[in-house]
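Counting from 1, position 34 in the sequence shown corresponds to residue 41 in our numbering; the numbering is continuous, with no gaps.
Where is the CB? At the ideal position from N, CA and C, for every residue including glycine.
All values reported here derive from a predicted model rather than from experimental measurement.
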Amino acid sequence: MDWFIGADEAHIKRERRKARELRQSQWWKRRCAKGVCHWCEQPVKPAELTMDHVVPVARGGMSTKGNVVPCCKTCNTKKKQLLPMEWDAWLEGVKKSSV
Ligand SMILES: [Zn+2]
8 MDWFIGADEA HIKRERRKAR ELRQSQWWKR RCAKGVCHWC EQPVKPAELT
58 MDHVVPVARG GMSTKGNVVP CCKTCNTKKK QLLPMEWDAW LEGVKKSSV
């Protein structure tokens with residue numbers, strides 16, 4: 008019953024549009040200017056940071072300042088591919104290996 012926890016199409020369209028607008032904002036540019044991935048805490052070129060929804064739009068997440076973080080492409084891809092538990096484990100490994 009996947010459809011039950013998924014967000015409806017109108018929500019997804021609206022939040023994706025808001026995300027595009029947020030990406031143009033000074034607030035977002037300032038966040039990216041720090042050049043650090045929110046998840047793995049590695050230095051990333053501002054131009055290579057992507058916008059990630061902490062709670063994915065497809066799961067009912069919103070494109071608000073509290074729910075979007077700048078992260079590197081690797082984390083963005085991994086977070087989409089992995090289950091929450093696997094994602095936590097992967098992230099722990101990345102942080103440890105960078106110390
Ligand atoms: Zn990262």
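- In this structure, the CA atom of P91 is about 14 Å from the CA atom of G100.
- Here the distance from the Cβ of W46 to the nearest heavy atom of ligand 1 is below 6 Å.
- The alpha-carbon separation between R23 and G13 amounts to approximately 15 Å.
- Under the three-state reduction of DSSP, D59 is assigned to strand.
- Ligand 1 never approaches C39 closely enough for any of its heavy atoms to be under 6 Å from the residue's Cβ.
- G42 and E55 have their C-alpha atoms some 9 Å from each other.
- Cβ-Cβ distances below 6 Å link C47 to C82 and V101 in the same chain, with the five nearest sequence neighbours on each side left out; the list follows chain order.
- Close CB contacts of P50 within its chain, under the 7 Å cut and outside five residues either way in sequence, are with G42 and V43 (chain order).
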